[in-house]
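Chains as they are written, first to last, in my numbering: chain H, 3 to 294; chain A, 300 to 951.
Glycine included, C-beta positions come from ideal geometry on N, C-alpha and C.
Please read all numbers here as calculations on a predicted model, not as lab measurements.
Right, one structure below, let's go through it.
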Amino acid sequence: MEISYYPGCTLKTKAINFETSALALLEKLDVKAIELKDWNCCGVMFSQSQDNLMKQLAPIRTLIRAKESGRDRLLTLCSMCYNTLKRSALFIQENEDKRDKINDFMDLEETEYFGNEIEVVNILTLLDEIDKDKLKASIVKDAKDLKVATYYGCLLTRPKEVAIDNVEDPQIMENLLEAAGCKPVYFPFKTECCASFQVVSRKDIARERTRKIVDSARKNGAEMILLACPLCEYNLDKLQKELHEEDSTFETLPVLYVTQLLAILAGVDPEINDYSKHYIDPRPVLERKGLL
Amino acid sequence: MKKIGVFLCHCGINISATVDIEKAMEALKDYPGVAHIEDYKYMCSDPGQQLIKKKIKDLGLDGVVVCACSPTLHENTFRLTVKAAGMNEYKMEMANIREQCSWVHKDKTVATEKAIKIIKSVIEKARLDEALDPIEVDITRKAMVIGAGVAGIQTALNIANSGYEVILVEREPSIGGKMAQLSETFPTLDCSQCILTPKMVEVSNHPKIKLMTYSEVVDVSGFVGNFKVKVKRKATGLDWDVCNGCGLCTEKCPKKLPSEFDQGLGERKAIYRPFPQAVPNRVVIDFENCTYMQSGKCGICQKVCPVKAIDFDKEDKFVEEEVGAIICATGFETYSVKDIPEFGGGKLPDVVDGLTFERILSASGPTGGEVRRPSDGKVPKDIVFLECVCSRDPEHYLPYCSKVCCMYTVKHAMLYKHRVHDGQPYVFYMDMRTGGKGYEEFYQRAAEEDKVVFIRGKVSKLYQDDDKIVVCGVDTLSNETIEIRADMVVLATAIVPSKGIRELTKLLKIQIDQHGFLSEAHPKLRPVESLTAGVYLAGCAQSPRDIPDTVSQASGAASMVCTLFANEKLKHEPIIVGVNEDICSGCGICTVVCPYDARKTNLEKKLVEVNEVLCEGCGACAAACPSGAAQQNNYTDNQINAMIKAILGKGG
Ligand SMILES: Cc1cc2nc3c(=O)[nH]c(=O)nc-3n(C[C@H](O)[C@H](O)[C@H](O)COP(=O)(O)OP(=O)(O)OC[C@H]3O[C@@H](n4cnc5c(N)ncnc54)[C@H](O)[C@@H]3O)c2cc1C
Ligand code: SF4
Numbered sequence: 003m004e005i006s007y008y009p010g011c012t013l014k015t016k017a018i019n020f021e022t023s024a025l026a027l028l029e030k031l032d033v034k035a036i037e038l039k040d041w042n043c044c045g046v047m048f049s050q051s052q053d054n055l056m057k058q059l060a061p062i063r064t065l066i067r068a069k070e071s072g073r074d075r076l077l078t079l080c081s082m083c084y085n086t087l088k089r090s091a092l093f094i095q096e097n098e099d100k101r102d103k104i105n106d107f108m109d110l111e112e113t114e115y116f117g118n119e120i121e122v123v124n125i126l127t128l129l130d131e132i133d134k135d136k137l138k139a140s141i142v143k144d145a146k147d148l149k150v151a152t153y154y155g156c157l158l159t160r161p162k163e164v165a166i167d168n169v170e171d172p173q174i175m176e177n178l179l180e181a182a183g184c185k186p187v188y189f190p191f192k193t194e195c196c197a198s199f200q201v202v203s204r205k206d207i208a209r210e211r212t213r214k215i216v217d218s219a220r221k222n223g224a225e226m227i228l229l230a231c232p233l234c235e236y237n238l239d240k241l242q243k244e245l246h247e248e249d250s251t252f253e254t255l256p257v258l259y260v261t262q263l264l265a266i267l268a269g270v271d272p273e274i275n276d277y278s279k280h281y282i283d284p285r286p287v288l289e290r291k292g293l294l
Numbered sequence: 300m301k302k303i304g305v306f307l308c309h310c311g312i313n314i315s316a317t318v319d320i321e322k323a324m325e326a327l328k329d330y331p332g333v334a335h336i337e338d339y340k341y342m343c344s345d346p347g348q349q350l351i352k353k354k355i356k357d358l359g360l361d362g363v364v365v366c367a368c369s370p371t372l373h374e375n376t377f378r379l380t381v382k383a384a385g386m387n388e389y390k391m392e393m394a395n396i397r398e399q400c401s402w403v404h405k406d407k408t409v410a411t412e413k414a415i416k417i418i419k420s421v422i423e424k425a426r427l428d429e430a431l432d433p434i435e436v437d438i439t440r441k442a443m444v445i446g447a448g449v450a451g452i453q454t455a456l457n458i459a460n461s462g463y464e465v466i467l468v469e470r471e472p473s474i475g476g477k478m479a480q481l482s483e484t485f486p487t488l489d490c491s492q493c494i495l496t497p498k499m500v501e502v503s504n505h506p507k508i509k510l511m512t513y514s515e516v517v518d519v520s521g522f523v524g525n526f527k528v529k530v531k532r533k534a535t536g537l538d539w540d541v542c543n544g545c546g547l548c549t550e551k552c553p554k555k556l557p558s559e560f561d562q563g564l565g566e567r568k569a570i571y572r573p574f575p576q577a578v579p580n581r582v583v584i585d586f587e588n589c590t591y592m593q594s595g596k597c598g599i600c601q602k603v604c605p606v607k608a609i610d611f612d613k614e615d616k617f618v619e620e621e622v623g624a625i626i627c628a629t630g631f632e633t634y635s636v637k638d639i640p641e642f643g644g645g646k647l648p649d650v651v652d653g654l655t656f657e658r659i660l661s662a663s664g665p666t667g668g669e670v671r672r673p674s675d676g677k678v679p680k681d682i683v684f685l686e687c688v689c690s691r692d693p694e695h696y697l698p699y700c701s702k703v704c705c706m707y708t709v710k711h712a713m714l715y716k717h718r719v720h721d722g723q724p725y726v727f728y729m730d731m732r733t734g735g736k737g738y739e740e741f742y743q744r745a746a747e748e749d750k751v752v753f754i755r756g757k758v759s760k761l762y763q764d765d766d767k768i769v770v771c772g773v774d775t776l777s778n779e780t781i782e783i784r785a786d787m788v789v790l791a792t793a794i795v796p797s798k799g800i801r802e803l804t805k806l807l808k809i810q811i812d813q814h815g816f817l818s819e820a821h822p823k824l825r826p827v828e829s830l831t832a833g834v835y836l837a838g839c840a841q842s843p844r845d846i847p848d849t850v851s852q853a854s855g856a857a858s859m860v861c862t863l864f865a866n867e868k869l870k871h872e873p874i875i876v877g878v879n880e881d882i883c884s885g886c887g888i889c890t891v892v893c894p895y896d897a898r899k900t901n902l903e904k905k906l907v908e909v910n911e912v913l914c915e916g917c918g919a920c921a922a923a924c925p926s927g928a929a930q931q932n933n934y935t936d937n938q939i940n941a942m943i944k945a946i947l948g949k950g951g
């Protein structure tokens, strides 16, 4: 299977582990993700928070690139890119006059975009579509019932219109990980917000969130937290380190992109992950399970 | 040419604010056939009706067009008016310039033009109307009540006590409905069983009531006064005529299952009676879970039965009944906790719904009335009640208010406090809706005397943390987020219509609203009737309501049935489709399209014959007939064509 792939900025820098592991995993599953040519920043969440058409331009331009690729689905890894692109597509699909305005404004583009040509697909949705038996067959390493907390944050399930699964109790990650031999734990904080960009201006809030989320995961027996969002990863990973430095009794949990673990289980060389990018080193847990 | 009187109603300002009445009168006064035109503020009032009567007599009108509301509302009113003045009532026509015009338009010019067109078309119809006489039909003076909750029970008793026979059909093994599960009832706190079970016994002893429990309606044909209903009597695995309800079998049966009556908290056997006070006092075998039915081994019940009633017969039986009226009282269910993921999706044992808490409070419940939580049997010391769960939440769940939950939550918190004196109940509410006699006082008592803490706000999520349920909410009065570590949480989940309502209403040919509640004929003036003559509504099947409202409505439905039965003959609308024998070729196309089986081909005569009583005047045959032999009375092709021409401006 072939699918267009939109990486987004973070995936080439801080979240490089997400990209390399996801692409390697998809290869194992016979999915060819073809990176879009000439892509730009998705426009990030800001585009959705204000009623300003200017802010829709970046995501729509990306959708135009996708349309030009000739493939009708566009894969995103970053949940923020997913959320932005999907909502923009929906926005201009539902607002004809604004759509025309945007197309008029971007008259240098050779292609017009109407709203329903491209289906924006999140990596978790794509993995979920793959037959579970096929997924199981591709798993070569025994996870030995590794206990995982599956963290979705906000962007994958909110707003409802773009949710990849049940808004309140998504199960996609759990199903994938169960098929791969892991044991997802009860994790009531899985859709709780990580505080997102508040980490810049109100770090105290972000820290409190991290403490709550990690505490809940650990209390329910998780050995690591798995997620699919670069910003959540940054917050939960980095802030745990800070919390621990302040208070050594705070017990940390490693945080990995779900694709990092799945790729290892599917037989990708564990060294594909750049472990130096993690603030809480996940290697001890992986080693304990014999996964390195 | 006919002399037609045109009467325009202002309907207060409902019509006149949007339709320029004067202008319309001006435009219509010289329209062909119009002998008189007049307006009045409320045409349906006594002076309005008198005015029409007087003009019929004075001017010798032979047709009347009332330009007012929908005929659904007042056609009957004005038919009676003209009849009283000596005119044939089928020569009265209504031009609907309210629902189809003034209510749906804002622009006065447009609305006025449209009203004129509507009225012109109806004048055209009236010019060609014939005098018709209602068709007389016999009545079967026996009623069928479907659903035996308190609504069905009350309806059945009232009708039976008026001397008419009643068949009461209930799909569960016992009558009683949800009220049988309740502990004590607001606002007086009398025990639900104590007020309900005597009524249940009265039903079972009543000589005029035939009880059919464990039964379901599977087919309905006929019409008001003359329905034929097919009822499936589900196999019980034993002979109820022989069984004496001793219950020995239920003691000896080794197979234990969660009891539905106790909301899964208590146990029942594979052969069971839903609860000890069940009416009729009979048992049924749960075939799916009976060891003997599954593997051929066991059969203990058969061995111990002293009267040899058990035969394991799995064959359902079907009976046909003829009745004159049907009352649909199928009640409600509550929104399943399993479908509310933010509140644990049914996976947290100490998060229960209101009915489960009723069982916990009930003296005959699984804990004998002691408040103990399901997970470990501990007495909860901090207990949180959530109102409006899935109600009043148009974005995620249901938009309507479930009406009874504010009150029963107050009751729950109060009863809890009466049993656990050192416990603390908290209630999260959106608004307290305590409309009803003694209701507000009841709520005040809970707050003041029983020290229930009421928090205005919603809860976003519940989760298990050690042996506590953490309640994450917000107090919208102080704007603070709140977390309560509770021992138990009770959800006042929304009231929804009972399962199978869609299928049943299709059989009964009655309508439901978008949520599945039964639609009444008119929300204010005909609240206990459906739009299908002879079918009535009672109880929560129509909309959420408490016991006092249910019982009043049930009595209302019963009195409508008695009014119907008091007629010597029934009058059937003569607006039916006959057959013009000179034109009919007997092709039989109309017999295929008729949904009421009213048309049959007589092969000998090569003609179609019509059962006038079965014909509902839907007009399907009139549209299908290739030769024009099927013409609907007062809706002939000529009339419809004239109406269309008038609307398109080519009339007159
Ligand atoms: C938790 C809770 C507490 C409450 N507490 C109070 C209170 O304290 N005071 C008060 O006034 N009200 C209270 N109420 C409201 C009260 O329960 C209802 O007003 C009342 O039960 C409505 O009766 P009903 O006959 O309309 O419906 P139901 O009790 O639901 O009866 C309907 C019957 O129809 C049967 N049925 C359904 N479909 C079919 C079918 N297709 N064929 C045959 N039979 C069928 C059902 O099996 C059932 O027996 C409470 C409600 C709840 C949920
Ligand atoms: S009755 Fe009260 S609790 Fe129930 S839906 Fe209405 S407002 Fe909410």
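| Asked | Found |
| --- | --- |
| So for Ser952 of chain A, helix, strand or coil by DSSP? | Lying outside 300 to 951, the shown extent of chain A, residue 952 of chain A is not represented and no answer is given. |
| Any heavy atom of ligand 1 within a distance shorter than 7 Å of the CB on Gly630 of chain A? | yes |
| Should Glu170 of chain H be flagged as near chain A, meaning a C-beta pair shorter than 8 Å? | yes |
| Does ligand 1 have even one heavy atom less than 7 Å from the beta-carbon of Thr127 of chain H? | no |
| On the DSSP bridge list, what partners appear for Tyr728 of chain A? | A:Arg755 |
| Cα separation between Gly951 of chain A and Gly362 of chain A? | With a pLDDT of 43 at Gly951 of chain A, under the threshold of 50, the predicted position of this residue should be treated as unreliable, and no value is reported. |
| Quick check on Glu587 of chain A: buried or exposed, where buried means 16 or more other Cβ atoms within 10 Å of its Cβ? | exposed |
| Assign Phe107 of chain H to one of three DSSP states: helix, strand, or coil. | helix |
| Is Glu70 of chain H near ligand 1, in the sense that its beta carbon is under 7 Å from a heavy atom of that ligand? | no |
| Suppose you measure from the CA of Tyr84 of chain H to the CA of Arg691 of chain A; what does that come to, to the nearest Å? | 31 Å |
| Entirely within the region 572 to 630 of chain A and at least 3 residues each: give me those beta strand (DSSP E) ranges in chain order. | 616 to 622, 624 to 627 |
| Could one say the Cβ of Pro190 of chain H lies closer than 8 Å to chain A's Cβ atoms, at least one of them? | yes |
| Mind pulling the beta strand (DSSP E) runs of 3 or more residues that sit fully within the region 419 to 470 of chain A? | 434 to 436, 441 to 445, 464 to 468 |
| What would DSSP say about Ala367 of chain A, mapped onto helix, strand or coil? | strand |
| Does any heavy atom of ligand 1 sit closer than 7 Å to the C-beta of Tyr699 of chain A? | no |
| Any beta carbon of chain H sitting closer than 8 Å to that of Pro640 of chain A? | yes |
| Tyr762 of chain A versus chain H: which residues are under 7 Å apart at the beta carbon? | Pro190 |
| Within 8 Å of any Cβ in chain H, is that where the Cβ of Gly645 of chain A sits? | no |
| Which residue comes first and which comes last in the alpha helix (DSSP H) that contains Asp357 of chain A? | 345 to 358 |
| Mark Leu79 of chain H as exposed unless 16 or more other C-beta atoms lie within 10 angstroms of its C-beta, in which case mark it buried. | buried |
| Can you tell which of A:Asn901, A:Lys868, A:Asp764 has its C-alpha closest to the C-alpha of Cys883 of chain A? | A:Asn901 |
| Can you list, in chain order, the residues of its chain with a C-beta nearer than 6 Å to that of Ala928 of chain A? Leave out the 5 residues immediately preceding and following it. | Val878, Asn879, Ile882, Cys883 |
| Is the region 446 to 461 of chain A close to the region 532 to 547 of chain A, with three or more CB pairs under 8 Å? | no |
| Expressed to the nearest angstrom, what Euclidean distance is found between the alpha-carbon atoms of Cys704 of chain A and Val578 of chain A? | 28 Å |
| Would you mind reading off the limits of the alpha helix (DSSP H) that contains Ala35 of chain H? | Counting along the chain, Ala35 of chain H falls outside any alpha helix (DSSP H), though it belongs to the beta strand (DSSP E) covering 34 to 37. |
| With a threshold of 7 Å (Cβ to nearest heavy atom), would Thr633 of chain A be considered close to ligand 1? | yes |
| Taking 7 Å as the cut-off, is the CB of Cys704 of chain A close to at least one heavy atom of ligand 2? | yes |
| Across the region 252 to 259 of chain H and the region 216 to 236 of chain H, are there enough close Cβ pairs to call them in contact, namely three or more that are closer than 8 Å? | yes |
| Any heavy atom of ligand 1 closer than 7 Å to the beta-carbon of Pro826 of chain A? | no |
| Under the criterion of a Cβ to heavy atom distance below 7 Å, does Glu4 of chain H qualify as lining ligand 2? | no |
| Provide the residue span of the beta strand (DSSP E) that contains Ser491 of chain A, from first to last. | Run containing Ser491 of chain A: none in the beta strand (DSSP E); it sits in the alpha helix (DSSP H), 491 to 504. |
| Evaluate contact between the region 606 to 623 of chain A and the region 824 to 831 of chain A, counting only Cβ atoms and requiring at least three cross-stretch pairs below 8 Å. | no |
| Since Gly676 of chain A is in the alpha helix (DSSP H), which residue starts that stretch and which ends it? | Looking at the DSSP string, Gly676 of chain A is not in any alpha helix (DSSP H), and its letter there is neither H nor E. |
| Check the DSSP bridge columns for Glu908 of chain A and list the partner residues they point to. | A:Lys899 |
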